[in-house]
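The structure appears right after this line, and notes come after that.
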Ligand code: ZN
Ligand code: ZN
């Protein structure tokens, strides 16, 4: 209930009576209810966190058993005629007059229905953004331990697949092998669609694995992550099968240097923008600035992409307990890409690198 209590305090500060939580990771973070949503229009339930009193989990028959087993301290209520129907009765019954909802994770269509309901009962609606996400930014030691386990398992999967990589295998075959191994080794599943991008496909940072066969000498970008006990890992390795050409090696070294400088810049008190700038400068000075077109990294936790960001726009100061990726890359059309991605946990003095895999570190 410590997480719920922190949220209640925020509601009190904002003079809100309750928050309706619809974002799946927020729902899990606060309640322990682990169900996922197939998509934003089909929910496995919502939380209603009142400023005072016991928090509620509203769900339907399909999730009743999980909800009652997992959401310790929550009152589980089952709706028969949809979430809003039950919600309306609760709001009226409890005299909730100022209701907040997650404006960044609420369908416009549903919001319209909620407005009708609120009007009928003279309830003031307040859309909020990122209230619970803010609580999720700093991870507890127990959360970092779970993330570390997810990172470790991800590396084991990578090592096994890497051993068997051969020219002639298709990107898609490699991706399937990775995702199968993740599940075989006990992951809840992949954290995102695995990227395997050989040769020129690697110039697209978010390439989709194709039937294209891997060739000796080209770069192969493998970006993979898994979910273990709800927490995500995210790692990119770029590998070369066979001989590595000198210019490829030079680009590798440059990206690795940028990653190293980025990691060395991370500490509590530095802003995401400062860290991004330190790493980006290395790539810019070598003349590849325009070929590194994305931010340096992002937070990871229950979601694979969450706060804080490491980019030019990240003015917020890093704090101990945040977990972030550091993933510089250089992408050259018609040639390919090199991206290296590790995860770190921010500490007061610096950071702890959560990865131990050292593929190609000896070049
Ligand atoms: Zn990644
Ligand atoms: Zn990433």
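In the numbering used here, the protein residues as written are 7 to 369.
Just so you know, even glycine gets a beta-carbon here, dropped at the ideal spot from N, CA and C.
These figures come from a predicted structure and were not determined experimentally.
CB contact check: residue i to chain D, cutoff 8 Å
i	result
residue 69	Absence of chain D from the displayed structure is noted, only one protein chain being present.
Cutoff 6 Å; reference residue i; Cβ partners in own chain excluding five residues on either side
i	result
residue 73	39, 63, 65 and 82
residue 276	324
residue 229	201 and 242
residue 32	138
residue 281	268, 271, 272 and 316
residue 312	305
residue 70	84
residue 303	316, 330, 331, 332 and 333
Where residue i sits in the DSSP three-state scheme
i	result
residue 160	helix
residue 256	helix
residue 155	helix
residue 367	coil
residue 349	strand
residue 311	coil
residue 12	helix
residue 294	coil
residue 98	helix
residue 304	strand
residue 329	strand
residue 207	helix
residue 237	strand
residue 90	helix
residue 17	helix
residue 196	strand
residue 269	helix
residue 172	coil
residue 243	strand
residue 288	helix
residue 166	helix
residue 150	helix
residue 43	coil
residue 280	helix
residue 263	helix
Nearest-angstrom Cβ-Cβ length linking residue i and residue j, presumed shorter than 8 Å
i	j	result
residue 181	residue 215	4 Å
residue 371	residue 316	Residue 371 lies beyond the residue range present for the chain, which begins at 7 and ends at 369; the question has no answer from this structure.
residue 167	residue 183	5 Å
residue 161	residue 361	7 Å
residue 153	residue 352	Residue 153 to residue 352, Cβ: 12 Å. No contact.
residue 402	residue 344	This structure does not reach residue 402, given that the chain is present from 7 up to 369, and the question cannot be answered.
residue 310	residue 240	5 Å
Sequence-distant residues of its chain with Cβ nearer than 8 Å to residue i (five each side left out)
i	result
residue 119	90
residue 321	277, 278 and 279
residue 206	339, 340, 341 and 342
Same chain, Cβ closer than 7 Å to residue i, neighbours up to 5 away in sequence not counted
i	result
residue 112	28
residue 47	113
residue 187	163, 166 and 167
residue 318	279 and 282
residue 191	159, 162 and 163
Endpoints, the beta strand (DSSP E) within which residue i is located
i	result
residue 201	201–204
residue 108	104–108
residue 53	52–56
residue 132	130–134
residue 214	Per DSSP, residue 214 belongs to no beta strand (DSSP E) and is neither H nor E.
residue 26	24–27
residue 64	62–65
Where the alpha helix (DSSP H) through residue i begins and ends
i	result
residue 182	177–190
residue 233	Per DSSP, residue 233 belongs to no alpha helix (DSSP H); it is in the beta strand (DSSP E), 232–234.
residue 126	114–126
residue 76	70–76
residue 36	30–37
residue 335	Run containing residue 335: none in the alpha helix (DSSP H); it sits in the beta strand (DSSP E), 335–338.
residue 249	No alpha helix (DSSP H) contains residue 249, which DSSP labels as neither H nor E.
residue 137	137–142
Q: For the stretch 219–238 and the stretch 247–267, state whether three or more C-beta atom pairs, one from each stretch, are separated by less than 8 Å.
A: yes
(Q) Count Cβ pairs between the stretch 100–111 and the stretch 119–136 that sit closer than 8 Å; are there 3 or more? (A) yes
Q) If we count Cβ pairs, one from each stretch, closer than 8 Å, do we get three or more for the stretch 8–28 versus the stretch 138–156? A) yes
Q.
With a threshold of 8 Å, are at least 3 pairs of Cβ atoms found where one atom belongs to the stretch 255–272 and the other to the stretch 349–364?
A. yes
Q | Stretch pair the stretch 145–157 + the stretch 50–62: three plus CB contacts closer than 8 Å | A | no
Q) Are at least three pairs of beta-carbons, each pair with one atom in the stretch 289–305 and one in the stretch 332–344, less than 8 Å apart? A) yes
Q: Tell me, please, whether the stretch 282–292 touches the stretch 255–263 by the rule of three or more beta-carbon pairs shorter than 8 Å.
A: yes
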